[in-house]
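Taken in sequence, the protein lines are chains Z and L. Using our numbering, the first residue of the first sequence is number 12, and each one after it goes up by one. Using our numbering, the first residue of the second sequence is number 7, and each one after it goes up by one. Cβ atoms here follow ideal geometry from the backbone N, Cα and C, with glycine treated the same way. Owing to the predicted nature of the structure, the values given are computational and were not obtained by experimental measurement. What follows is a single structure, written as structure tokens, with notes after it.
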Amino acid sequence: MSEELSNNDNPVPEGLQGQIAITSLDKIYNWSRRSSIWPMMFGLACCAIEMIATAASRYDLARFGMEVLRASPRQADLMIVSGTVTKKMIPIIVRLYNQMPEPKYVLAMGACASGGGPFKEGYNVVSGVDKFVPVDVYIPGCPPTPQALLHGLIKMQEKIDGQSVLEVPWYRSEPIDEIPQPLLGPDLIDPRDIPDFAEKLKAQEERLAAERE
Amino acid sequence: MTDKESPQVEGTTREPDSLEQHFPGILTPDEREGFDGYLVAPDKLTEFATRLRDEFGYDYLSSVTGVDYLPDEVMEVVYHAYRIEGGPALVFKTQVPRADPVVPSLVGVWPGADFQEREAWDLLGIRFTGHPNLRRILMWEGFEGHPLRKDWHEAYFEEDAKPFANRWPEGDVYRIEDKIPFGKNVQYPSEFTPEGWIPEGDEGLYAGLGQISNDGDGSSLKTDQLVVNLGPQHPSTHGVFRMVVTLDGETVTDLKPVMGYLHRNHEKIGERNTYIMNMPYTDRLDYLSSMSNNFGYALAVEKLMDIQPPERAEYIRVIMAELTRIVSHLWAIGFLLNDLGAFFTPALYAINERELILDVFEAVSGSRMMCNYFRFGGLARDLPPGTLQTIRELIFERLPRRVDELDIYLTENEIVRSRCIGVGVLSPEKAVAFSAAGPVLRASGIPYDVRRAEPYGIYDRFDFEVAVRYGGDVYDRYLVRLQEIRESIRIVQQAVDDIPEGEIQTGKPIFQVRVPAGEAYGRVENPKGELGFYVVSNGKPNPWRYHIRAPSFINLTALAEMCKGHKVADVVAILGSIDIILGEVDR
Ligand code: SF4
Numbered sequence: 012m013s014e015e016l017s018n019n020d021n022p023v024p025e026g027l028q029g030q031i032a033i034t035s036l037d038k039i040y041n042w043s044r045r046s047s048i049w050p051m052m053f054g055l056a057c058c059a060i061e062m063i064a065t066a067a068s069r070y071d072l073a074r075f076g077m078e079v080l081r082a083s084p085r086q087a088d089l090m091i092v093s094g095t096v097t098k099k100m101i102p103i104i105v106r107l108y109n110q111m112p113e114p115k116y117v118l119a120m121g122a123c124a125s126g127g128g129p130f131k132e133g134y135n136v137v138s139g140v141d142k143f144v145p146v147d148v149y150i151p152g153c154p155p156t157p158q159a160l161l162h163g164l165i166k167m168q169e170k171i172d173g174q175s176v177l178e179v180p181w182y183r184s185e186p187i188d189e190i191p192q193p194l195l196g197p198d199l200i201d202p203r204d205i206p207d208f209a210e211k212l213k214a215q216e217e218r219l220a221a222e223r224e
Numbered sequence: 007m008t009d010k011e012s013p014q015v016e017g018t019t020r021e022p023d024s025l026e027q028h029f030p031g032i033l034t035p036d037e038r039e040g041f042d043g044y045l046v047a048p049d050k051l052t053e054f055a056t057r058l059r060d061e062f063g064y065d066y067l068s069s070v071t072g073v074d075y076l077p078d079e080v081m082e083v084v085y086h087a088y089r090i091e092g093g094p095a096l097v098f099k100t101q102v103p104r105a106d107p108v109v110p111s112l113v114g115v116w117p118g119a120d121f122q123e124r125e126a127w128d129l130l131g132i133r134f135t136g137h138p139n140l141r142r143i144l145m146w147e148g149f150e151g152h153p154l155r156k157d158w159h160e161a162y163f164e165e166d167a168k169p170f171a172n173r174w175p176e177g178d179v180y181r182i183e184d185k186i187p188f189g190k191n192v193q194y195p196s197e198f199t200p201e202g203w204i205p206e207g208d209e210g211l212y213a214g215l216g217q218i219s220n221d222g223d224g225s226s227l228k229t230d231q232l233v234v235n236l237g238p239q240h241p242s243t244h245g246v247f248r249m250v251v252t253l254d255g256e257t258v259t260d261l262k263p264v265m266g267y268l269h270r271n272h273e274k275i276g277e278r279n280t281y282i283m284n285m286p287y288t289d290r291l292d293y294l295s296s297m298s299n300n301f302g303y304a305l306a307v308e309k310l311m312d313i314q315p316p317e318r319a320e321y322i323r324v325i326m327a328e329l330t331r332i333v334s335h336l337w338a339i340g341f342l343l344n345d346l347g348a349f350f351t352p353a354l355y356a357i358n359e360r361e362l363i364l365d366v367f368e369a370v371s372g373s374r375m376m377c378n379y380f381r382f383g384g385l386a387r388d389l390p391p392g393t394l395q396t397i398r399e400l401i402f403e404r405l406p407r408r409v410d411e412l413d414i415y416l417t418e419n420e421i422v423r424s425r426c427i428g429v430g431v432l433s434p435e436k437a438v439a440f441s442a443a444g445p446v447l448r449a450s451g452i453p454y455d456v457r458r459a460e461p462y463g464i465y466d467r468f469d470f471e472v473a474v475r476y477g478g479d480v481y482d483r484y485l486v487r488l489q490e491i492r493e494s495i496r497i498v499q500q501a502v503d504d505i506p507e508g509e510i511q512t513g514k515p516i517f518q519v520r521v522p523a524g525e526a527y528g529r530v531e532n533p534k535g536e537l538g539f540y541v542v543s544n545g546k547p548n549p550w551r552y553h554i555r556a557p558s559f560i561n562l563t564a565l566a567e568m569c570k571g572h573k574v575a576d577v578v579a580i581l582g583s584i585d586i587i588l589g590e591v592d593r
């Protein structure tokens with residue numbers, strides 16, 4: 012541990028090496044966060060099976076400090092969106108995301124979560140979870156193998172390593188807005204579209220008509 | 007364990023040949039080219055169905071679905087009924103005008119029709135009069151339109167049939183997102199304004215689950231009923247499944263399953279795909295048993311095309327399907343223990359063995375889970391060298407020992423026994439009536455297994471027993487699965503000994519198969535129960551109708567029945583013992 016953390020600009024006096032480390036706040040903060048990411052226990056579809064396989068003995072997620080899968084979003088740091096996101100499910104996914112405490116991360120596992128995948132054209136399918144919640148890492152595959160998921164999680168850790176306490180949004184004084192929960196009407200409604208809905212629709216149609224010309 | 011016999015059905019001696027004479031004026035044979043079965047007038051349907059069940063012994067309704075014959079302006083409802091002691095299906099249909107399709111509900115005759123009729127209402131807009139709760143089941147209440155109707159188009163609609171013109175080499179490639187308003191997969195009726203619009207919410211769902219209070223009569227406590235939602239995000243629901251339960255104290259008085267959170271429009275997409283394009287989609291139905299899903303679909307299309315795979319392919323098919331059954335049952339047992347509270351450790355043992363079988367799948371098909379290995383009239387490729395040896399080692403050495411180990415640890419375990427015995431009992435009569443299938447049906451004392459009742463492939467050559475138990479509870483479902491793993495091992499042992507050399511594909515492998523017009527119903531005994539594919543072809547490169555009879559979905563019809571009177575914690579165990587896979591429930 013101490014080697015990994017030590018800052019070479021401030022060498023530790025001989026005799027104390029191996030017992031103390033001199034390091035920056037960012038480094039120890041990020042190190043402790045990324046070594047204990049708790050994913051939410053939340054499976055959507057086929058990809059969830061590979062996620063469970065990754066947590067099992069052969070691939071052993073515990074090696075990365077991530078084996079503590081929490082069933083409650085309030086105890087989770089990471090949401091692995093493991094499967095097809097449907098219109099019927101997206102309001103619940105957004106609500107779960109809002110319930111997770113900061114800092115929180117989202118990992119889109121598989122083709123479906125990243126962009127709709129094989130079912131993209133379906134009438135009940137959202138083409139990627141990133142239409143509603145911000146995604147940190149995308150993993151391709153259908154389903155991604157456990158190795159690919161692990162690779163994605165390591166990328167996730169690298170991303171955490173690059174963050175700084177001074178800049179992260181969750182230590183600023185202004186509150187972080189919740190994502191408005193989509194509504195189920197005649198079709199899925201994104202509340203962000205509702206103000207001036209009719210005008211937006213008209214503008215879009217005009218734009219498309221102009222393009223078709 | 008009660009040693010009850012399976013219920014005897016009376017009057018099963020008469021043959022369907024004489025059926026027409028028994029129903030003069032009610033029944034006409036379906037004479038369309040390639041079609042089978044009978045047409046029944048809608049107003050006579052209930053009478054016909056009741057007599058069919060009571061006098062002719064067709065007590066098991068396997069599948070109900072609708073077909074939209076747009077060019078003829080006709081909506082057809084297709085029923086597949088069986089006798090529980092085996093034999094082929096009796097197919098009957100009823101036709102109603104497409105503009106206002108109204109059909110009498112058969113829930114009163116076969117309660118197993120409940121969810122399937124709701125699905126036909128939801129997706130095709132067929133109204134079933136007399137249905138106790140005709141609400142949408144896969145989409146939400148308030149959704150605009152009935153999506154499986156042929157003239158209903160989704161936002162991302164491009165063309166009626168694949169491959170799309172713009173994907174051809176000379177095509178003008180574009181993204182559909184750029185061609186529709188909002189650029190998202192949404193569309194609204196033209197006069198719709200979201201301001202002032204009130205969502206439907208769950209009132210309709212909660213109606214009938216009223217919060218009645220029990221005032222107590224001095225001898226018992228005064229209690230209130232309470233409605234609790236389990237899921238869709240809940241560690242015990244095996245995916246995105248939701249149960250609304252009413253509780254009196256901790257006792258379940260009513261339960262309503264809510265599904266559709268993983269409805270990915272398999273059938274709509276399937277009717278646009280060419281035949282072979284659907285093969286990888288079937289992998290994603292019951293994603294733990296992709297190989298046997300392939301089997302069912304291949305059988306249905308092979309029936310239509312009237313071809314047979316070569317010997318070697320038949321053997322490989324059986325080996326793969328049985329390995330799949332082992333995988334799926336191991337998973338089910340591991341996760342049943344999870345649901346009982348033994349968190350993850352037993353599942354780890356099960357997953358460990360599963361991984362070894364997945365290695366075999368990966369070797370033969372290139373993918374661990376989504377194998378896409380079967381083709382019409384054969385297989386995608388032969389076994390790579392050495393695979394048979396790996397399978398031998400697994401099946402003769404390792405797996406039998408591991409199954410014994412599970413047996414030793416679990417079967418006599420005191421906690422398993424006290425949590426499972428007598429919990430979630432489904433009587434044999436109810437199991438048949440609710441169209442339960444697979445281990446759920448067999449644990450209720452009905453020795454019905456498609457591999458025996460109507461053998462497909464080469465299952466008639468193997469020596470195996472149909473696992474059956476008579477208690478109908480969670481414990482017996484577990485024991486049936488354990489026994490089935492052993493029987494599957496036996497089948498694979500015989501198959502690897504007998505497998506011949508030779509071709510694995512009849513004729514050349516072709517991508518654009520020619521499928522003559524007609525209908526076919528291919529069914530296999532999947533790990534979860536009877537998986538059926540109902541395919542209607544009109545001679546074009548893509549199926550006109552592609553319906554899946556999903557065992558997990560239909561097994562859920564009996565869930566409320568099993569759960570009433572038990573505690574909340576038992577509901578979790580009961581759901582685990584049915585072993586549902588949401589990919590298949592919602593499709
Ligand atoms: S990406 Fe593939 S495996 Fe994953 S959920 Fe989608 S269809 Fe299933």
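Listed by chain order, chain L residues near residue i by CB distance under 7 angstroms
i: GLN5(Z); result: In the structure as shown, chain Z starts at 12 and stops at 224, and residue 5(Z) therefore has no counterpart that could be examined.
i: ALA82(Z); result: PRO241
i: THR97(Z); result: TYR267, LEU268, HIS269 and ARG270
i: ARG85(Z); result: In chain order: nothing, as chain L lies at least about 12 angstroms away.
Cβ-based burial, residue i [other Cβ within 10 Å; buried from 16]
i: ASN279(L); result: buried
i: ARG141(L); result: exposed
i: GLU39(L); result: exposed
i: ARG270(L); result: buried
i: PRO557(L); result: buried
i: ALA327(L); result: buried
i: ARG20(L); result: For ARG20(L), the pLDDT reaches just 44, beneath the cut-off of 50, and the residue's location in the model is therefore unreliable, leaving the point undetermined.
i: GLN239(L); result: buried
Start and end residues, alpha helix (DSSP H) containing residue i
i: GLY582(L); result: 574 to 584
i: PHE301(L); result: 296 to 311
i: MET120(Z); result: No alpha helix (DSSP H) holds MET120(Z); the beta strand (DSSP E) holding it covers 116 to 120.
i: ASP106(L); result: Where ASP106(L) is concerned, there is no enclosing alpha helix (DSSP H), given that its DSSP letter is neither H nor E.
Residue range of the unbroken beta strand (DSSP E) whose run includes residue i
i: MET62(Z); result: Note, MET62(Z): premise wrong, no beta strand (DSSP E); alpha helix (DSSP H) at 57 to 66.
i: ALA55(L); result: Unbroken run through ALA55(L) is the alpha helix (DSSP H), 51 to 62; no beta strand (DSSP E).
i: ALA501(L); result: Looking at the DSSP string, ALA501(L) is not in any beta strand (DSSP E); the run it does join, the alpha helix (DSSP H), is 480 to 504.
Neighbour list for residue i in chain Z, Cβ cutoff strictly below 8 angstroms
i: PRO195(L); result: PRO197
i: TYR212(L); result: Correct list: empty, because the minimum Cβ distance to chain Z is about 16 angstroms.
i: MET376(L); result: CYS57, CYS153 and PRO154
i: GLY589(L); result: ALA56 and CYS57
Where residue i falls: helix, strand or coil (DSSP)
i: PHE75(Z); result: helix
i: GLY538(L); result: strand
i: GLU525(L); result: strand
i: ASN544(L); result: coil
i: ARG593(L); result: coil
i: LEU194(Z); result: strand
i: TYR85(L); result: strand
i: LYS99(L); result: strand
i: SER93(Z); result: strand
i: LYS262(L); result: strand
i: TYR454(L); result: coil
Chain Z contact residues for residue i, given Cβ-Cβ distances below 9 angstroms
i: HIS335(L); result: Correct list: empty, because the minimum Cβ distance to chain Z is about 15 angstroms.
Contacts that residue i makes with chain L (C-beta to C-beta distance below 9 angstroms)
i: PHE208(Z); result: TYR194, PHE198, THR199, PRO200 and GLU201
i: PHE130(Z); result: ARG270, ASN271, HIS272, ILE275, TYR287 and ARG290
- Message: Please list, in chain order, the residues of the segment 350 to 363 of chain L that have any C-beta partner in chain Z closer than 7 angstroms.
- Response: LEU354, ILE357, ASN358 and GLU361
- Residues of the segment 233 to 246 of chain L with Cβ closer than 7 angstroms to any Cβ of chain Z, in chain order: PRO238, GLN239, PRO241, GLY245 and VAL246
- Message: Using a Cβ-Cβ cutoff of 9 angstroms, what residues of the segment 193 to 205 of chain Z are near chain L? List them in chain order.
- Response: Cβ contacts with chain L come from LEU194, LEU195, GLY196, PRO197, ASP198, LEU199, ILE200, ASP201, PRO202, ASP204 and ILE205.
- Message: Using a Cβ-Cβ cutoff of 7 angstroms, what residues of the segment 151 to 164 of chain L are near chain Z? List them in chain order.
- Response: PRO153, GLU160 and TYR162
- Item | Contact set between the segment 394 to 419 of chain L and chain Z, restricted to residues whose Cβ is under 8 angstroms from the partner | none
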